[in-house]
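When you line the sequence shown up against the numbering used here, it's residues 772 to 1022, in that order.
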Amino acid sequence: MQTDGLIDLRSDTVTLPTDEMLEAMRHARLGDDVFREDPTVNELEEMTAEKMGKEAALLVTSGTQANLVSLMSNTKRGELVILESESHMYWYEVGGISAIAGLFPWPLKSAFGALDPDAVEAAIRPKNIHFPEPSLICVENTHNRHGGTVIAPKQLYALRTVAEAHGLRLYMDGARVFNAAVALGVNVKELTRYVDNLMFCLSKGLSCPVGSLVVGSHEFIGRARKLRKLLGGACGRLESLLHRVLLRWRR
Ligand SMILES: Cc1ncc(COP(=O)(O)O)c(C=O)c1O
């Protein structure tokens, strides 16, 4: 963000809405999203699902809420979740994975943010009365604490193979997944096709003040929608803030 000649590089989340965006918000078509009567949100969710090559999408308030809703929609309380040891979900989300979702995180170290499929396989222990049931593998693309490193389609494919072999789901915290797609020179669908579901953020680098999207199957999103309500994140008025992003995407 640029203010008074200074460029603020602390984070891509400090971007503010432009005048054009604020003007577009004033003219956004409104409705109540809880009743699914918000034309702008409905369009945004449909467009997201199409762009990501998945069945459905859900608008939530933040990346943290997107991760929490997704964790809960993918698992049952008490299950084990394999994730990268420097991941945002493990470090910066106030332990919601355990405190709210009731899950047992199993962090694995990696060199550059991409989980090693062999290490993941080794971490999936056999069924045993003493062990929590593993049910989910999480990846982060791009990887924040590893400095924006990217995970390529072939690495995701390898993780998918392990997940499928053991009946686990694969989830992607794709807060900046479009950055990964640009860096790799691929369509974003090449990064989404191997994961069961994912989230990405509108609020990072796009000047959008709020909003993330959770994307996946109808069944997964149906559960996520109810969980969003449970977490107090159902909001009928987000669309006014997001309208400009929608317009920008259409171009
Ligand atoms: C990789 C990643 N996931 C999730 C989040 C959480 O997003 P939010 O700050 O909107 O809750 C962030 C925030 O920077 C992030 O970098």
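We put the CB at the ideal spot given by N, CA and C, even for glycine.
Does the Cβ-Cβ distance between Leu839 and Val852 come in under 9 Å? no
Following the continuous beta strand (DSSP E) through Asn944, name the residue where it begins and the one where it ends. A small fix is needed here, since residue 944 is Asp in this sequence, not Asn. Element bounds for Asp944: Arg940 to Asp944.
Can at least three beta-carbon pairs, one atom from the region 889-903 and one from the region 856-868, be found at a separation below 8 Å? no
Residues bridged to Trp877 (per DSSP): Ile853
Let me confirm a value: Ser869 is counted as buried when at least 16 other C-beta atoms fall within 10 Å, else exposed. Which label applies? exposed
In whole angstroms, what is the alpha-carbon distance linking Leu787 and Ser978? 5 Å
For Asn968, report the span of its beta strand (DSSP E) as first-last. Asn968 to Cys972
Report the three-state DSSP secondary structure of Ala828 (helix, strand or coil). strand
With DSSP as the reference, label Pro980 as helix, strand or coil. coil
Where the beta strand (DSSP E) through Ile908 begins and ends: Pro905 to Glu911
Can you find a CB in chain D that lies within less than 9 Å of the CB of Gly938? Going by chain labels, chain D is absent from the structure shown, which holds only one protein chain.
Could you check where the alpha helix (DSSP H) with His989 kicks off and where it finishes? His989 to Leu1001
Counting pairs of Cβ atoms below 8 Å between the region 904-912 and the region 934-952, do you hit three or more? yes
Can you name the residues that DSSP bridges to Thr846? Paired residue(s): none; Thr846 is not in a bridge.
Mind checking whether Ala934 and Ile908 have CB atoms under 9 Å apart? yes
Report yes if the CB atom of Phe875 is closer than 9 Å to the CB atom of Gly834, and no otherwise. no
By how many angstroms is the C-alpha of Thr789 removed from the C-alpha of Met795? In the sequence as displayed, the identity of residue 795 is Ala instead of Met. Straight-line Cα distance between these residues: approximately 10 Å.
For the alpha helix (DSSP H) containing Ile757, name the first residue and the last one. Within the shown structure, residues of the chain are numbered from 772 to 1022, placing residue 757 beyond reach of any answer.
What is the C-beta distance between Val959 and Pro924, in whole angstroms, given that I count them as a contact (C-beta under 8 Å)? With 8 Å as the limit, Val959 and Pro924 do not qualify as a contact, their Cβ atoms being about 11 Å apart.
On the criterion of 16 or more Cβ atoms from any shown chain inside 10 Å, does Phe991 qualify as buried, or is it exposed? buried
Buried or exposed: which applies to Leu854, given that a residue is buried once 16 or more other Cβ atoms fall within 10 Å of its Cβ? buried
Less than 9 Å between the beta carbons of Val948 and Leu939, yes or no? no
Let's test the definition: count the other Cβ atoms within 10 Å of the Cβ of Ser782 and tell me whether it reaches 16, buried, or not, exposed. exposed
Just the Cα atoms here: how many angstroms apart are Ser1011 and Leu984? Unreliable positioning characterises Ser1011 in this predicted model, as indicated by a pLDDT of 46, which lies under 50. The coordinate reading is nonetheless provided below. Those two C-alpha atoms are separated by around 16 Å.
Got a sec: does ligand 2 put a non-hydrogen atom nearer than 8 Å to the Cβ of Met860? Because ligand 2 does not appear in the structure shown, any question about it cannot be addressed here, the ligands present being ligand 1.
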